[in-house]
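Trainee: Top line first, the protein sequences correspond to chains W and X.
Just add 26 to wherever you are in the first sequence, counting from 1, and you've got this note's numbering.
Just so we're aligned: 41 in this note's numbering is position 42 of the second sequence, and the numbers increase by one with no gaps anywhere.
Note that beta-carbon positions come from the ideal geometry of N, C-alpha and C, so glycine has one too.
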Amino acid sequence: MKKTKDSSLHFDSRYRLARQIIHLRIYIILACIIISVFFISVLKDIEIETRLEDFLPQQHPFIQVQNILTDVFGGLNQVSIALKSTDGNIFTHDFLEKVISLTEDVYLLEGVNISRVQSIASRHVKHVRADEEGFFVERLLRDPPENQEEMEAFRRNVLSDPNVYRRMVSEDMTSTLIYVDFTSKVRTSSIFRSLQELKTKYEDEHTYFYIAGRPILEGWLNAYLPKMLRILIISFLIISAVLYLTFRSKRGIILPLLDSSMATLWGMGTMKLMGLRLDPSTILVPFIVLSLGISHSVHTLKRYYEEMRNPRMKSKHAIVSTMAHLFIPGLACVLTDGFGFLSLMFVPLPTIKSMAFASGLGILANFFTSFMFTPAVLSFMHRPKILEIEKEEEHRWVDAMLLRLSVFSLSKRAGTIVVVIFILGGLVALLGISRIVIGDNSQGSSYLYPESPYNQAEKFINTHFGGTNSYYVLVESDRPLFSREVLSTIDDFQTYLVDNIPEVGSAVSIANAIKGLNMFMKEGKREYFAIPENDKTIAEYWFLYTLSGFPSDFDHLISRDEKTANIKFNVKNHTSRTVAKIIKTTRNYVSGRPQGTVRIRYGGGDIGILYAVNDIIKRTIVPNVLFISVLIFIYVSFMYRSFTAAGLLLLPLAFSNLIVFALYGFLGTPITVETLPLASLSEGLGINYGIYMMARFHQEMREKKRTYKNILYHTLITSGKAVFFSGFIVSLGIFAWVFSSILLQVRLGLNLCVALILNMVTSLVMIPVLVWWVKPYFLFGKVRSRLKYRDSDRGKKVSKG
Amino acid sequence: MKWGTLIVVFILCIFAVEALPLEYHRLYVPASGMSAGEIMEIAYHNKYSLFAKDFQQEGNVFYVDPSGFTRKRIWERLRIVEGDKGDISYKDLIAITYPTEVKGLAVLTWTYKDYQKDQEVWLWIPSLKKARKISASEDDDAFMGSDLTVEEVSTRRFEDETYELKGEDAFKGYTLEETGEMKAQGAPCFIIECRPKKSHWYYDKRVVWVDKSHGGIIFEEYYDKTGRKFKTVSREWDLIDVNGQRYPTQISLECKDLRTNHRTTILMSNTRYDQGIDEQNFTVKALMRSRW
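So this is what it looks like as structure tokens:
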């Protein structure tokens with residue numbers, strides 16, 4: 027009985043603490059208001075800016091290669107603009123005039139890298155003609171052809187140039203592509219805005235305009251993000267409606283919304299103070315904190331109303347009792363959720379770190395708002411009317427369902443059924459999990475709907491021009507780069523990759539430039555499209571090549587100090603299969619060649635970045651889930667001084683999470699960066715249900731006032747009901763994400779909704795069944811051993827006498 | 000088109016046709032009261048050293064990126080000014096003498112008096128021992144991989160632009176980045192605005208400062224269609240005494256691209272005029288025999 031003594035001592039201390047808090051209630055309320063006002067002032071000019079580098083794992087070796095590429099060879103701010111002629115083909119005076127004019131306008135944009143504007147009308151896109159006398163170079167398109175003869179000559183020039191036809195002019199000749207590169211100093215919002223203005227200027231009934239590329243994707247995301255405010259309002263309305271259905275009182279709606287909004291403000295405000303921005307990932311923070319906060323407040327209010335059923339109970343006393351009972355489970359939930367999220371800060375992605383930080387702090391703040399602010403306010407409020415209390419209890423169908431559940435839990439076969447379902451479900455789930463695809467598998471951006479303007483543009487450009495996904499490889503050597511040995515290695519490697527992977531469309535490097543120049547020097551004969559034998563000739567060719575351009579025109583091929591060369595591969599898609607195949611083939615090539623003076627470093631560009639991100643997902647998702655599980659295990663074990671308690675709570679959680687991840691596999695939904703917080707959130711919210719129910723079980727068992735049957739029913743009708751409603755409220759609040767224009771939020775919302783409902787159901791069903799089946803010592807004490815041998819006595823009074 | 004614009008175009012046309020061809024092998028100096036066209040014609044005459052019969056010069060080219068990283072090249076240049084005989088204005092031979100791995104690479108260029116006729120260009124590749132005829136670089140191409148365009152150094156003609164005299168003033172001076180020295184401070188200048196006649200051109204206008212004392216352009220500012228200044232070109236001149244005449248000679252040329260913050264500086268030295276360079280040095284055969 028020492029344990030009981032200890033427990034009661036603990037309870038007394040919690041009771042004293044609760045009274046102390048209520049004693050200081052005015053200060054608590056004032057402090058919460060002052061902090062909230064401060065954070066409102068902090069948040070009033072919060073910036074919405076999506077920077078996709080925030081989604082990159084900066085420590086990954088591939089991202090480091092990418093950073094070198096960005097420093098040495100230029101930024102990631104590449105944009106593709108496609109112009110489609112609706113008049114049959116591009117070879118009309120007006121259309122070509124438009125292309126020339128648009129190219130000129132592009133040159134004038136702020137921060138444009140003028141040497142990287144690639145268009146049929148750009149200054150360094152030339153038509154080369156070679157014969158026995160020499161070779162002749164002229165701008166491919168300076169002015170629109172004035173007559174049919176000139177137009178025909180221009181068409182021939184386009185068709186004969188493999189660098190133009192199918193790359194800058196589509197195979198069906200209805201469209202042309204302009205590549206633009208902006209310096210890294212330019213804000214993507216500015217790029218997006220200026221290109222949208224150009225679209226407005228040039229798009230008409232004869233011309234369609236498509237723009238794709240990283241800054242444009244960021245621009246669209248920024249454009250969609252303010253609409254999340256609308257979704258937040260929808261979320262508020264849905265939650266208010268369910269809160270009304272749950273409590274049928276004004277305080278039942280206002281207080282949960284108020285305290286969780288305050289916690290959200292604190293989390294977001296701290297995020298802003300840390301210099302973090304709102305992006306598609308961090309904008310979910312308000313929803314997450316709000317949902318979790320409301321979940322806790324529902325338990326507080328449910329318990330408060332329960333206490334107030336006693337007509338002689340004063341509001342202040344009821345709230346002290348509520349606090350004393352919920353203090354430990356509440357703290358456990360908040361700590362588990364908060365640290366669960368903060369653990370995501372180990373994921374090496376800046377956006378996930380920001381999201382984890384803001385959510386973690388917001389969730390920890392929930393403890394003050396839900397378990398201190400709300401009780402403090404409630405203690406000032408008059409006693410709810412009897413009618414209000416009765417209304418609050420009026421959920422007959424829920425009560426009936428929970429009664430059936432309690433009866434089922436005590437049945438002989440319940441444990442067996444649950445275990446069989448657990449094992450079978452687990453096996454099926456493992457099958458689903460084995461089918462999980464890690465990484466983006468869609469054409470275009472998985473962040474947006476396939477029919478979104480951005481994905482339509484990317485689809486158009488990929489279909490008509492192909493190979494818009496970049497893959498960069500760096501080549502370094504102790505020898506001069508312009509030597510036969512180095513150039514042959516470059517040439518050999520790029521040929522190997524292009525020949526072995528059909529998805530790799532083409533490659534661009536200094537080797538191509540030298541081979542091309544060699545061919546032109548030798549009457550344009552195709553057999554001379556090769557690396558020259560003589561190193562001096564190679565050096566002279568490169569020198570000649572550089573004479574034709576401005577200083578930065580060759581930065582994408584070679585560093586200014588001529589020590590590092592760059593090979594760019596144009597890849598036709600970025601599915602995780604293609605990405606993995608390209609990296610594997612590169613790795614095989616690099617490891618298979620003898621260690622010479624030439625070093626090959628990979629992999630930059632879209633392909634390298636995606637591989638790095640997928641790699642991080644693979645490496646962090648399981649440890650993160652395990653970390654949170656261990657955290658829960660340790661905390662619950664400590665709380666009840668029992669490993670069995672932790673096991674009982676973790677089993678339903680594990681089961682529902684297995685099912686959720688299996689759904690990813692069965693439905694073919696890829697696991698992406700954005701899925702990472704899902705595990706934390708799902709586990710955090712899921713364990714809350716279990717903790718609250720187990721706390722009630724524990725309390726009721728310790729009070730020894732009822733039979734086990736009654737204890738079970740009472741737990742389900744009080745905490746179980748609170749779990750049921752808070753589960754619904756949170757799920758529906760998060761369900762509001764389906765109204766987002768950003769697909770990743772929709773997917774996340776739906777997945778989380780399913781996860782939360784599964785968590786709620788498994789907690790409600792499995793915990794009572796498992797508790798009765800296992801009859802753990804921390805709940806049943808010495809009665810346990812007796813009950814174990816009394817199959818027929820289940821449900822009888824568990825009196826301690 | 001508005002009346003005001005029509006009048007401006009008409010005035011500019013007058014300026015453009017007003018100037019008369021200048022004689023070869025004669026020195027001209029602009030004077031107050033001259034039209035913008037006359038001043039610019041003298042500026043071109045001096046730019047291409049048409050006052051001399053021939054000249055030889057060494058150029059050290061520095062390509063400096065924003066981080067300060069510098070690449071260097073050295074060339075040797077010979078020019079013969081044909082004068083009134085034939086249809087060729089002048090012939091140029093430029094040979095690379097540094098870096099050593101491309102030493103001996105040479106380009107021969109014939110420039111015609113008829114401004115509409117393209118230059119003829121031959122390239123000598125020492126390692127292949129081959130001379131290949133190549134097309135003339137286009138006017139807006141880069142000049143030798145620098146920030147300057149070909150026309151800014153060698154092909155822009157008087158007929159390519161319209162001119163308007165904006166005033167006369169003492170030049171504020173410029174800093175030659177390569178040496179850090181202040182140049183041409185207080186030099187009395189004509190300020191002329193030049194607009195290209197070509198459509199879709201890389202600049203909308205340039206403003207030039209022509210030194211009154213010798214008629215050379217000492218400073219240029221380039222503006223794009225949005226009115227943004229994107230490039231400056233400064234030229235330092237020296238007057239070299241040749242047979243009692245003081246020939247205006249460019250001794251430095253610096254171009255700054257304000258968009259990329261890259262600059263190119265060319266320091267010219269060892270300039271010698273009227274040495275009687277044989278025209279036979281400016282043939283394809285001579286090019287193939289050349290050793291630098």
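Pairs of beta-carbons, one from the segment 725-741 of chain W and one from the segment 496-512 of chain W, closer than 8 Å: are there three or more?
Mentor: The segment 725-741 of chain W is not in contact with the segment 496-512 of chain W.
Trainee: Just the Cα atoms here: how many angstroms apart are Ile-52 of chain W and Leu-457 of chain W?
Mentor: Each residue's alpha carbon lies about 56 Å from the other.
Trainee: Decide if Ala-591 of chain W is buried, meaning its Cβ has at least 16 other Cβ atoms within 10 Å, or exposed.
Mentor: Buried: at least 16 other Cβ atoms inside 10 Å.
Trainee: In terms of alpha-carbon separation, which member of W:Phe-99, W:Ile-743, W:Phe-64 and W:Gly-753 lies closest to Arg-422 of chain W?
Mentor: Checked all of W:Phe-99, W:Ile-743, W:Phe-64 and W:Gly-753; the closest Cα to Arg-422 of chain W is W:Ile-743.
Trainee: Taking C-beta pairs closer than 8 Å, name the residues in chain W that Asp-237 of chain X reaches, listed in chain order.
Mentor: By Cβ distance, chain W contributes nothing, its closest Cβ being about 27 Å from Asp-237 of chain X, past 8 Å.
Trainee: Under a three-way DSSP split, which group does Ser-767 of chain W fall into?
Mentor: Ser-767 of chain W: coil per DSSP, three-state reduction.
Trainee: Would you report the Cα separation of Leu-774 of chain W and Gly-114 of chain W, rounded to the nearest angstrom?
Mentor: Going by the C-alpha atoms only, they are around 43 Å apart.
Trainee: Specify the secondary structure class of Glu-37 of chain X as computed by DSSP and reduced to three states.
Mentor: Here Glu-37 of chain X sits in helix by DSSP.
Trainee: Hey, which unbroken runs of the alpha helix (DSSP H) at 4 residues or more fall wholly within the segment 124-188 of chain W?
Mentor: With a minimum length of 4 residues, the continuous alpha helix (DSSP H) runs that stay inside the segment 124-188 of chain W are 174-186.
Trainee: If distances are taken between C-alpha atoms only, which option among X:Ile-190, X:Glu-180 and X:Arg-72 comes closest to Ala-35 of chain X?
Mentor: Minimum Cα distance to Ala-35 of chain X is reached at X:Ile-190.
Trainee: Between which two residues does the alpha helix (DSSP H) carrying Arg-240 of chain W extend?
Mentor: Here the alpha helix (DSSP H) through Arg-240 of chain W covers 240-250.
Trainee: Could you check how far apart the C-beta atoms of Ile-61 of chain W and Phe-399 of chain W are, in whole angstroms? I think they sit under 8 Å.
Mentor: With 8 Å as the limit, Ile-61 of chain W and Phe-399 of chain W do not qualify as a contact, their Cβ atoms being about 10 Å apart.
Trainee: Alpha carbon to alpha carbon, how far is Leu-453 of chain W from Leu-224 of chain W?
Mentor: Those two C-alpha atoms are separated by around 56 Å.
Trainee: Select from the segment 124-140 of chain W all residues with a C-beta closer than 7 Å to any C-beta belonging to chain X, and list them in chain order.
Mentor: The segment 124-140 of chain W vs chain X, Cβ under 7 Å: Ile-126, Glu-130, Leu-134 and Ile-140.
Trainee: Do we get a CB-CB distance below 9 Å when we pair Val-294 of chain X with the residues of chain W?
Mentor: Only positions 0 to 291 of chain X appear in the structure, and residue 294 of chain X is not among them; the question remains open.
Trainee: What residues from the segment 557-575 of chain W come within 7 Å of chain X, judged by C-beta to C-beta, listed N to C?
Mentor: Hits within the stretch, in order: Asn-560, Lys-562, Thr-563, Ala-565, Glu-566, Phe-569, Thr-572, Leu-573, Ser-574 and Gly-575.
Trainee: Look at the alpha carbon of Ile-10 of chain X and the alpha carbon of Pro-195 of chain X, and state the distance between them as a whole number of angstroms.
Mentor: Caution applies to Ile-10 of chain X, whose pLDDT of 42 falls short of 50 and renders its modelled position unreliable; the model cannot decide the point.
Trainee: So, is Tyr-270 of chain W buried or exposed, given that buried needs 16 or more other C-beta atoms within 10 angstroms?
Mentor: Exposed, by the Cβ-count rule.
Trainee: Over what stretch of residues does the alpha helix (DSSP H) that includes Ile-389 of chain W continue unbroken?
Mentor: It spans 376-394 - the alpha helix (DSSP H) in which Ile-389 of chain W sits, taken as one unbroken run.
Trainee: For the alpha helix (DSSP H) containing Thr-96 of chain W, name the first residue and the last one.
Mentor: Element bounds for Thr-96 of chain W: 87-99.
Trainee: Can you tell me whether DSSP reads Met-181 of chain X as helix, strand or coil?
Mentor: Correct three-state label for Met-181 of chain X: strand.
Trainee: Specify the secondary structure class of Asp-240 of chain X as computed by DSSP and reduced to three states.
Mentor: Three-state result, Asp-240 of chain X: strand.
Trainee: Give the range of the beta strand (DSSP E) segment to which Thr-96 of chain X is assigned.
Mentor: Per DSSP, Thr-96 of chain X belongs to the beta strand (DSSP E) from 87-97.
Trainee: At a Cβ threshold of 9 Å, is Pro-195 of chain X touching chain W?
Mentor: So, not an interface residue.
Trainee: Pick out whichever of W:Ala-402, W:Arg-586 and W:Arg-142 has its Cα sitting closest to the Cα of Thr-209 of chain W.
Mentor: For Thr-209 of chain W, the nearest C-alpha among the options comes from W:Arg-142.
Trainee: So, at 7 Å on beta carbons, what are the nonlocal neighbours of Lys-152 of chain W in its own chain, with the 5 sequence-adjacent residues on each side left out?
Mentor: Counting only Cβ-Cβ distances below 7 Å, and skipping sequence neighbours, we find Val-163, Glu-164, Arg-165 and Leu-166.
Trainee: Spell out the partners DSSP gives His-261 of chain X in its beta bridges.
Mentor: X:Asp-256, per the DSSP bridge assignment.
Trainee: So that I know if they touch, is there some Cβ in chain X lying closer than 9 Å to that of Glu-79 of chain W?
Mentor: Glu-79 of chain W does not count as touching chain X.
Trainee: As an exercise, report each continuous alpha helix (DSSP H) stretch of at least 4 residues that is fully enclosed by the segment 498-567 of chain W, in chain order.
Mentor: Here the runs fully enclosed are 510-526 and 536-547.
Trainee: Nearest by alpha-carbon distance to Gly-166 of chain X: which of X:Gly-32, X:Asp-138 and X:Tyr-27 is it?
Mentor: Nearest option by C-alpha distance: X:Gly-32.
Trainee: At what residue ranges does the segment 587-674 of chain W contain a whole run of the beta strand (DSSP E), taking only runs of 3 or more?
Mentor: Counting only runs of 3 or more, we get 590-597 and 624-630.
Trainee: Measuring alpha carbon to alpha carbon, tell me which of X:Thr-96, X:Gly-67, X:Asp-83 and X:Leu-122 ends up nearest Gln-56 of chain X.
Mentor: The candidate whose alpha carbon is nearest that of Gln-56 of chain X is X:Thr-96.
Trainee: Beta strand (DSSP E) containing Arg-78 of chain X: first to last residue?
Mentor: Here the beta strand (DSSP E) through Arg-78 of chain X covers 69-80.
Trainee: Could you tell me the alpha carbon to alpha carbon distance between Glu-311 of chain X and Pro-247 of chain X, rounded to whole angstroms?
Mentor: In the structure as shown, chain X starts at 0 and stops at 291, and residue 311 of chain X therefore has no counterpart that could be examined.
Trainee: Assuming Ser-341 of chain W is part of the alpha helix (DSSP H), what are its boundary residues?
Mentor: Its alpha helix (DSSP H) spans residues 341-368.
Trainee: What residue does the alpha helix (DSSP H) around Leu-805 of chain W start on, and which one ends it?
Mentor: First-last of the alpha helix (DSSP H) with Leu-805 of chain W: 803-806.
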